[in-house]
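Those letters in the sequence shown? Residues 100 to 304, per the numbering used here, in order. Every residue, glycine too, gets a C-beta built ideally from N, C-alpha and C.
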Amino acid sequence: MKIAIFGATGRVGSIFMQHALDEGYEVQALVRKGRDVTPHESLTIIRGDVTNIEDVNQTIDGCDAVFSGLNTDGTTTLSQSIAHIIEVMENKKIDRIVTIGTAGIVESRVEPGKLRYLSSESRQRVKFAAGEHEKVYRALAESGLDWTIICPTALVSEPRVGVYRYEKDYLPLDGRRISIYDTADLAFEALRAHLFTHKRVGIAY
Numbered sequence: 100m101k102i103a104i105f106g107a108t109g110r111v112g113s114i115f116m117q118h119a120l121d122e123g124y125e126v127q128a129l130v131r132k133g134r135d136v137t138p139h140e141s142l143t144i145i146r147g148d149v150t151n152i153e154d155v156n157q158t159i160d161g162c163d164a165v166f167s168g169l170n171t172d173g174t175t176t177l178s179q180s181i182a183h184i185i186e187v188m189e190n191k192k193i194d195r196i197v198t199i200g201t202a203g204i205v206e207s208r209v210e211p212g213k214l215r216y217l218s219s220e221s222r223q224r225v226k227f228a229a230g231e232h233e234k235v236y237r238a239l240a241e242s243g244l245d246w247t248i249i250c251p252t253a254l255v256s257e258p259r260v261g262v263y264r265y266e267k268d269y270l271p272l273d274g275r276r277i278s279i280y281d282t283a284d285l286a287f288e289a290l291r292a293h294l295f296t297h298k299r300v301g302i303a304y
């Protein structure tokens with residue numbers, strides 16, 4: 100399998116990419132200019148911008164599946180890029196995509212019909228980032244793609260534990276934190292084993 104990766108130098112994306120390379124997969128990654136990436140015989144680096152559809156097209160070309168670990172960076176990068184990714188995937192008839200979202204876009208337990216970040220469960224006053232992740236979710240849900248969104252609660256840069264909880268469309272009860280490594284591991288397994296089709300998957304310890 101050959102995987103197109105966006106966000107390959109990010110906290111989760113870099114771990115996912117290393118995992119894929121270690122497991123013998125080919126990777127084609129879009130990387131911004133100025134970002135360092137360790138060379139690997141199974142890694143093809145494309146320098147560019149995810150908001151440029153030609154760069155997205157080049158990255159996905161010849162791949163079997165797509166992974167995105169992109170974050171918002173306080174911009175509309177997520178909502179802009181997902182439109183390009185979906186368009187290119189549909190044009191190339193590539194179905195499978197796994198992305199990293201946020202626990203804010205799973206369902207609220209206390210206010211049915213609401214997403215967590217729009218309910219009383221949310222402690223975040225600034226909702227821009229979660230709003231961008233919601234746009235990704237809505238775009239994927241309206242597409243014809245085979246998508247999965249891994250939705251971590253507070254991400255911490257700590258070693259993998261290897262034992263964690265996950266739940267389809269909800270955050271596990273009392274989930275407070277999750278390592279970037281365990282998040283990447285679940286995302287990789289979802290792509291490798293074709294798990295959680297059309298689901299947001301909350302993950303926490």
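From the options, residue whose alpha carbon lies closest to that of residue i
{"i": "residue 222", "options": "208, 203, 211", "result": "203"}
{"i": "residue 200", "options": "108, 259, 124, 270", "result": "270"}
{"i": "residue 296", "options": "195, 258, 285", "result": "195"}
{"i": "residue 159", "options": "234, 230, 100", "result": "100"}
{"i": "residue 157", "options": "128, 213, 174", "result": "128"}
{"i": "residue 260", "options": "245, 164, 285", "result": "285"}
{"i": "residue 241", "options": "161, 185, 112", "result": "185"}
{"i": "residue 177", "options": "107, 232, 136", "result": "232"}
{"i": "residue 138", "options": "257, 116, 152", "result": "116"}
Cutoff 6 Å; reference residue i; Cβ partners in own chain excluding five residues on either side
{"i": "residue 228", "result": "171"}
{"i": "residue 181", "result": "235, 238"}
{"i": "residue 148", "result": "154"}
{"i": "residue 132", "result": "146"}
{"i": "residue 125", "result": "101, 141"}
{"i": "residue 289", "result": "197, 247, 295"}
{"i": "residue 287", "result": "115, 118"}
{"i": "residue 163", "result": "100, 101"}
Spatial neighbours of residue i in its chain, beta-carbon cut-off 8 Å, leaving aside the 5 residues before and after
{"i": "residue 298", "result": "247, 248, 267, 268"}
{"i": "residue 220", "result": "207, 208, 209, 210"}
{"i": "residue 277", "result": "251, 252, 253, 254, 255, 263, 302, 303, 304"}
{"i": "residue 161", "result": "101, 127"}
{"i": "residue 258", "result": "278, 280"}
{"i": "residue 150", "result": "176, 179, 180, 183"}
{"i": "residue 218", "result": "207, 209, 210"}
Local Cβ density within 10 Å of residue i, reported as buried at 16 or more and exposed below that
{"i": "residue 273", "result": "exposed"}
{"i": "residue 121", "result": "exposed"}
{"i": "residue 215", "result": "buried"}
{"i": "residue 174", "result": "exposed"}
{"i": "residue 198", "result": "buried"}
{"i": "residue 168", "result": "buried"}
{"i": "residue 212", "result": "exposed"}
{"i": "residue 123", "result": "exposed"}
{"i": "residue 292", "result": "exposed"}
{"i": "residue 165", "result": "buried"}
{"i": "residue 94", "result": "This structure gives no information on residue 94, because the portion of the chain shown stretches from 100 to 304."}
Sequence-distant residues of the same chain with beta carbon closer than 7 Å to residue i, five excluded per side
{"i": "residue 114", "result": "279, 280, 283"}
{"i": "residue 144", "result": "128, 130, 136"}
{"i": "residue 275", "result": "252, 253, 303"}
{"i": "residue 243", "result": "189"}
- Item | Ordered list of beta strand (DSSP E) runs contained in the stretch 104-192, each at least 3 residues | For secondary structure counted as the beta strand (DSSP E) over 3 or more consecutive residues, the stretch 104-192 holds these complete runs in sequence order: 125-130, 142-146, 164-167.
- Query: Along the chain, which unbroken stretches of the beta strand (DSSP E) at least 3 residues long are found entirely within the stretch 240-282?
  - Reply: You should have 245-251, 264-267.
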